[in-house]
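Here's the structure we're looking at; comments come further down.
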Amino acid sequence: MVQALLLSQLASVNPALTACLRETSEYLRAPGATRLSEEQRALALGIARRLVGDAADMLDGAVDSRALWDDWSAQGLPGAAQLAGLCFARAEEHRWREQSAEHGSEVAVPMMVAAAEGPLAAPTPADDPLSEVDRRYLALRIADRRRFDALGHPGIAIDDLDPDLFRSLLLDIAAWALVQSGKDPAQAVRLGEAVRGALALHDPERGIDRAAIAYYAALANVGAQSDSAVAAIARHDWPALIALAAAAQKYLYADMALALITAEPAQLAPLLAPLLRDHAALAPLEGSLAMLTNRAVASAAPDDYAAALQARAAMLGGEPEGGAR
């Protein structure tokens, strides 16, 4: 069973990550963050904009996605708290991979994958020379490619969304459009059917989480998951490493990406324990993460005891006596 609570577990023990997620949420509601870098803010907001636009475009032309974003970017996203974690995780993964690409070490997406994902997603012929492992790896790269727009900007694929989150996002978008129409009953019916149609098109089987599980299973069938993880680290093939680690630990891809990015060096070995026997293989990973600026590691603000106390108080819960705030 996929453990969808990893993000909250990570935040509960990492004050820096808690602060970044809180700020991402606040920034999506009303841009004005200070802890995040300009690059982090721009990436998170761009990812949110593309996700909202993609969802709006699925409603049979019933929503003006440009006007929607203009309004929401000024007034705040209704589902900012739910989207903050996803947008922040995707932005941080992209920063990490861009850094590797700048140093010539990120494994490039094969041109045939980037150019024509449709035919490659179809069943392969019986005489296809690709092995099962190769086919599953190619499917993983295709699923990863869907997480970028046509210009190569990072995004969140609709099929990677949790069904309940996708439904909530669609309803927020449709509700906005209904208000714009003056709450016309006929438009409410049309929008309701559009939401129903969009939900029917949602297919998690095409998402990166399913691709990661299938890739890991293919490797496990031939006992090659550990060697493949070592090779992925050596090649800086971070999508493959994240996918293998997520499948091995039964986590979501996005959660595992953020877990790796925010991990202290001593935490990497436990995270990858199901895959790696030789801790020396972690050296390229540790080096790559160490180069990533502004990471939300717990030691990033060792003297920020106010944030640490807030995180601990949130775990304890309850209201102070007298209703004081």
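Residue numbers (this note's numbering): 66 to 390. Every residue gets a Cβ at the ideal spot worked out from N, C-alpha and C, and that includes glycine. Note that the structure is predicted; figures quoted are calculated from it, not measured.
Assigned secondary structure, residue i (DSSP; H/G/I helix, E/B strand, else coil)
i	result
Gln74	helix
Ala289	coil
Ala166	helix
Ser353	helix
Ala265	helix
Val244	helix
Ala328	coil
Gly111	helix
Gly118	helix
Arg200	helix
Ser102	coil
Arg360	coil
Leu340	coil
Glu386	Low confidence applies here, because Glu386 scores a pLDDT of 46, under 50, leaving its location unreliable; read the following figure in that light. In this structure, Glu386 counts as helix in the three-state DSSP scheme.
Pro250	helix
Gly272	coil
Met123	coil
Val128	coil
Pro194	coil
Asp302	coil
Length of the line joining the Cα atoms of residue i and residue j
i	j	result
Met123	Arg211	16 Å
Gln290	Leu323	21 Å
Ser73	Asp268	25 Å
Val78	Ala363	8 Å
Ala242	Leu142	14 Å
Leu357	Ile238	35 Å
Asp292	Ala277	16 Å
Val254	Ser138	27 Å
Leu234	Ala240	10 Å
Glu167	Trp303	14 Å
Val117	Gly247	22 Å
Glu104	Leu86	15 Å
Ala107	Leu93	11 Å
Leu317	Asp274	6 Å
Asp249	Ala109	34 Å
Leu195	His301	23 Å
Trp134	Arg232	18 Å
Gln245	Ala263	20 Å
Met176	Arg206	Only weak support is given to the placement of Met176: the predicted model assigns it a pLDDT of 35, under 50, and the value that follows is read from those uncertain coordinates. C-alpha separation (whole angstroms): 11 Å.
Glu88	Ala361	12 Å
Ser165	Ser102	19 Å
Ile305	Ala294	Before going on, a small fix: residue 305 reads as Ala here, not Ile. Each residue's Cα considered, the two are about 8 Å apart.
Residue i versus the options, residue with shortest Cα-Cα distance
i	options	result
Leu347	Leu82, Leu325, Arg206 and Phe213	Leu325
Pro349	Pro194, Ala296, Pro80 and Asp320	Ala296
Leu230	Gly150, Gln164, Ala355 and Glu329	Gly150
Gln147	Leu205, Glu91, Gly111 and Thr358	Glu91
Pro330	Ala319, Leu317, Gly352 and Gln314	Gly352
Val128	Leu354, Trp303 and Gln252	Gln252
Ala319	Ser196, Thr89, Asp209 and Arg87	Asp209
Asp119	Thr89, Gln332, Leu71 and Asp225	Asp225
Ala70	Ala361, Ser246, Leu333 and Gln314	Checking the displayed sequence, the identity of residue 70 turns out to be Leu instead of Ala. Among Ala361, Ser246, Leu333 and Gln314, the Cα nearest to that of Leu70 belongs to Gln314.
Pro80	Leu317, Thr327, His344 and Arg232	Thr327
Ala215	Asp274, Ala294, Arg115 and Ala299	Arg115
Ile112	Ala132, Thr83 and Arg160	Arg160
Asp227	Glu270, Gln332 and Phe213	Glu270
Leu75	Gln332, His344 and Ala305	Gln332
Ala345	Ile298, Leu354 and Ala355	Ile298
Glu392	Phe213, Val287 and Thr83	Lying before the first or after the last residue shown, residue 392 is absent from the chain, which here runs from 66 to 390.
DSSP beta-bridge partners of residue i
i	result
Phe213	Pro219
The region 155 to 171 contacting the region 212 to 230, beta-carbon criterion three pairs below 8 Å
The region 155 to 171, when compared against the region 212 to 230, does touch it at the 8 Å Cβ threshold.
Determine, using beta-carbon pairs with one atom in the region 303 to 311 and one in the region 325 to 342, whether at least three such pairs fall under 8 Å.
Touching, yes.
Whether or not the region 107 to 125 and the region 255 to 267 are in contact is what I'm after, with contact meaning three or more pairs of Cβ atoms, one per stretch, closer than 8 Å; do they touch?
The region 255 to 267, when compared against the region 107 to 125, does touch it at the 8 Å Cβ threshold.
Could you tell me whether the region 196 to 213 touches the region 281 to 290, using the rule of 3 or more Cβ pairs below 8 Å?
Between the region 196 to 213 and the region 281 to 290 there are three or more C-beta pairs closer than 8 Å, enough to call the two in contact.
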